[in-house]
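Residue numbers (our numbering): 18 to 188.
#1: Could you check how far apart the C-beta atoms of residue 71 and residue 164 are, in whole angstroms? I think they sit under 8 Å.
#2: What is the DSSP secondary structure of residue 136, reduced to helix, strand or coil?
#3: Distance, Cα to Cα, residue 140 vs residue 92?
#4: Which partner residues of residue 121 appear in the DSSP bridge assignment?
#5: When the Cα atoms are used, what is the spatial distance from residue 25 to residue 137?
#6: State the DSSP-derived secondary structure class of residue 27, mapped to helix, strand or coil.
#7: Going by other Cβ atoms of all chains shown within 10 Å of its Cβ, with 16 needed for buried, is residue 126 buried or exposed?
#8: Give me the Cα-Cα distance between residue 153 and residue 101, rounded to the nearest whole angstrom.
Printed below as a string of structure tokens:
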């Protein structure tokens, strides 16, 4: 029996997942980029576009702890700079365009800290970005809407509860 692109991607993620290392990042990014390039005619993907729910959980791995989500965001939605605590994440864009900006947190005279922009780029369908623990970024949907797959290394609600996931004021 033929499997669809989502099932194929999940099988690859389960095979490739070996914790935070370069091999996992490279192989999972490739699998997610393949998922993002899926034909729009697959039923599960048609439903995601039709429903346009803000968040849909597609898969939660009971052994490895990673979670594959689909996020639909409307034009103009901005998510302030944030990190993911001890967690790490991939964003793979399936539809639309999303502007991503990255930041470094630097100490300033007087002992405070501020974010400094490292720059921004526009994600297009098929693009996949990875953010490691402590990486700071923001997102803005710049098309009619975006559909993005997000693979998280863990449940980020726990990172929030523990105070490790930080959100910053926009720059």
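Each residue gets a CB set at the ideal place from its N, CA and C atoms; glycine is no exception. Note that the structure is a prediction, hence the values are computed from the model and not measured.
The answer reads as follows:
#1: At roughly 11 Å, the Cβ-Cβ gap does not stay under 8 Å, so residue 71 and residue 164 are not in contact.
#2: strand
#3: 14 Å
#4: 133
#5: 31 Å
#6: helix
#7: exposed
#8: 8 Å
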